[in-house]
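Notes to accompany the following structure.
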Amino acid sequence: MSKMFRTHPLDLHEIRSRIARSLVLEDLASCARVSQDWNGSFTPSLYKSIMLSKHGLSMESVERNKDHIQHLTVQSTAYDNLSERDEVISSIMANSVLTTLSLYLNTIGDSGAEALSKALKINSTLITLDLQYNSIGPKGAQALSEALKTNSTLTTLDLWRNSIGENGTWALSEALKTNSTLTTLKLQGNMIGDNGAQALSEALKTNSTLTTLDLEENEIGPNGAQALSEALKTNLTLTTLNLWCNMIGPDGAQALAEALKSNSTLTTLDLRGNWIGDNGTQALSVALKTNSGVTIHIPF
Numbered sequence: 286m287s288k289m290f291r292t293h294p295l296d297l298h299e300i301r302s303r304i305a306r307s308l309v310l311e312d313l314a315s316c317a318r319v320s321q322d323w324n325g326s327f328t329p330s331l332y333k334s335i336m337l338s339k340h341g342l343s344m345e346s347v348e349r350n351k352d353h354i355q356h357l358t359v360q361s362t363a364y365d366n367l368s369e370r371d372e373v374i375s376s377i378m379a380n381s382v383l384t385t386l387s388l389y390l391n392t393i394g395d396s397g398a399e400a401l402s403k404a405l406k407i408n409s410t411l412i413t414l415d416l417q418y419n420s421i422g423p424k425g426a427q428a429l430s431e432a433l434k435t436n437s438t439l440t441t442l443d444l445w446r447n448s449i450g451e452n453g454t455w456a457l458s459e460a461l462k463t464n465s466t467l468t469t470l471k472l473q474g475n476m477i478g479d480n481g482a483q484a485l486s487e488a489l490k491t492n493s494t495l496t497t498l499d500l501e502e503n504e505i506g507p508n509g510a511q512a513l514s515e516a517l518k519t520n521l522t523l524t525t526l527n528l529w530c531n532m533i534g535p536d537g538a539q540a541l542a543e544a545l546k547s548n549s550t551l552t553t554l555d556l557r558g559n560w561i562g563d564n565g566t567q568a569l570s571v572a573l574k575t576n577s578g579v580t581i582h583i584p585f
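Spelled out as structure tokens, the structure:
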């Protein structure tokens, strides 16, 4: 005699949740959308952090699900393949959940920076913006600086290996005088020179939020180092200053050493790749006797 047994199947929500934990982004790119209700269960988790490449998920899918995307990476040169690319990125930034946007190694140029600037003025969620290797010049930096004057959420801006020069640096420095959220600014390889360092030093005298400033490979000489040292004497928030591979010389090192005698917040100073000579090294050694809270990386 046959018998029937009552089972307790998982409810639909639990089934969808388990599917979501098993799928990866590549699965979503190739599978058909079953229904709005069904896909709604796993779309948010899959789209939380995605990478858009030349051969990956379509931009249409990204736009359709932009309200779920928290971390977006547009991989090397994928930006070039987007139609109406500046408008697309601006549209994505207009969502309410995006916190990280990386456009590393694309060619967004000044026009792309201007589009981002417009979006930053109204965006209230983005925390990290990575614009390394993007052919951004002074004009693009000017646009971004205007956004920084009103944006109140961005904490990290990475402009590594662009071409903003001293004029672009002056613009960003003006923004730093009023911006109260940015904590990390990376300007490596932007040819800012002594004038750019001077501009940043003026901003550091009033800025009270920036903790990390990367100025690696920027053709900064003794005068630039002198200007930065004056700012360090009064700045109370900067903890990391990277001057790796510049041209500060012994005079620049001596100026920084003098600032370290009174500065009590800087914890890391990177001077590798500079020729500071015996006099510069000696001056820094003396400064360390009164300031034991800082780690100085010097040339071998």
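Heads up, the sequence shown is in the numbering used here, so the first residue is 286 and it goes up one at a time.
For glycine and all other residues, C-beta sits at the position ideal for the given N, C-alpha and C.
Predicted model, so just to flag it, every value in this text is computed and none were measured.
Report, in whole angstroms, the separation of the C-beta atoms of residue i and residue j, which I expect to be a contact under 8 Å.
i: residue 504; j: residue 531; result: 7 Å
i: residue 469; j: residue 494; result: Actually they do not touch by this definition, with Cβ atoms about 10 Å apart.
i: residue 456; j: residue 488; result: In fact, because the Cβ distance is near 11 Å, the residues do not count as touching under 8 Å.
i: residue 572; j: residue 546; result: 5 Å
Within 10 Å of its beta-carbon, does residue i have 16 or more other beta-carbons around it, so buried, or fewer, so exposed?
i: residue 585; result: exposed
i: residue 349; result: exposed
i: residue 454; result: buried
i: residue 501; result: buried
i: residue 561; result: buried
i: residue 458; result: buried
i: residue 306; result: Reliability of the predicted coordinates at residue 306 is poor, the pLDDT of 48 falling under 50, and the value obtained from them is presented with this limitation in mind. Result: exposed.
i: residue 479; result: buried
i: residue 395; result: buried
i: residue 372; result: exposed
i: residue 486; result: buried
i: residue 514; result: buried
Measure from the alpha carbon of residue i to the alpha carbon of each residue in the options, then state which is nearest.
i: residue 386; options: 442, 468, 420 and 538; result: 442
i: residue 377; options: 462, 438 and 405; result: 405
i: residue 536; options: 558, 582 and 509; result: 509
i: residue 521; options: 390, 552 and 445; result: 552
i: residue 534; options: 547, 550, 569 and 523; result: 569
i: residue 431; options: 359, 542 and 463; result: 463
i: residue 473; options: 481, 466 and 467; result: 481
i: residue 575; options: 565, 558, 548 and 429; result: 548
i: residue 436; options: 428, 360, 409 and 418; result: 409
i: residue 490; options: 523, 507 and 450; result: 523
i: residue 483; options: 467, 452 and 465; result: 452
i: residue 418; options: 446, 399 and 398; result: 446
i: residue 465; options: 475, 448, 476 and 440; result: 440
i: residue 475; options: 581, 449 and 516; result: 449
i: residue 506; options: 397, 581 and 558; result: 558
i: residue 477; options: 525, 467 and 423; result: 423
So residue i is in the beta strand (DSSP E); what residue range does that whole segment cover?
i: residue 469; result: 469 to 471
i: residue 382; result: It is not in any beta strand (DSSP E) - residue 382 carries neither H nor E in the DSSP assignment.
i: residue 443; result: 441 to 443
i: residue 553; result: 553 to 555
i: residue 498; result: 497 to 499
i: residue 508; result: Counting along the chain, residue 508 falls outside any beta strand (DSSP E), though it belongs to the alpha helix (DSSP H) covering 507 to 517.
i: residue 407; result: No beta strand (DSSP E) contains residue 407, which is instead part of the alpha helix (DSSP H) from 394 to 407.
i: residue 503; result: That residue, residue 503, is in no beta strand (DSSP E); it is neither H nor E in DSSP.
i: residue 413; result: 413 to 415
i: residue 526; result: 525 to 527
i: residue 357; result: 356 to 359
Does the beta-carbon distance from residue i to residue j come in below 9 Å?
i: residue 401; j: residue 354; result: no
i: residue 433; j: residue 460; result: yes
i: residue 411; j: residue 392; result: no
i: residue 518; j: residue 499; result: no
i: residue 556; j: residue 579; result: no
i: residue 375; j: residue 351; result: no
i: residue 542; j: residue 511; result: no
i: residue 421; j: residue 390; result: no
i: residue 379; j: residue 407; result: yes
i: residue 538; j: residue 565; result: yes
List the endpoints of the continuous alpha helix (DSSP H) containing residue i.
i: residue 536; result: 534 to 545
i: residue 571; result: 562 to 575
i: residue 479; result: 478 to 489
i: residue 433; result: 423 to 433
i: residue 436; result: Careful: residue 436 lies outside any alpha helix (DSSP H) and carries neither H nor E.
i: residue 531; result: Looking at the DSSP string, residue 531 is not in any alpha helix (DSSP H), and its letter there is neither H nor E.
i: residue 454; result: 450 to 461
Could you tell me whether any Cβ in chain C is nearer than 9 Å to the Cβ of residue i?
i: residue 472; result: The displayed structure is made up of one protein chain only, and chain C is not part of it.
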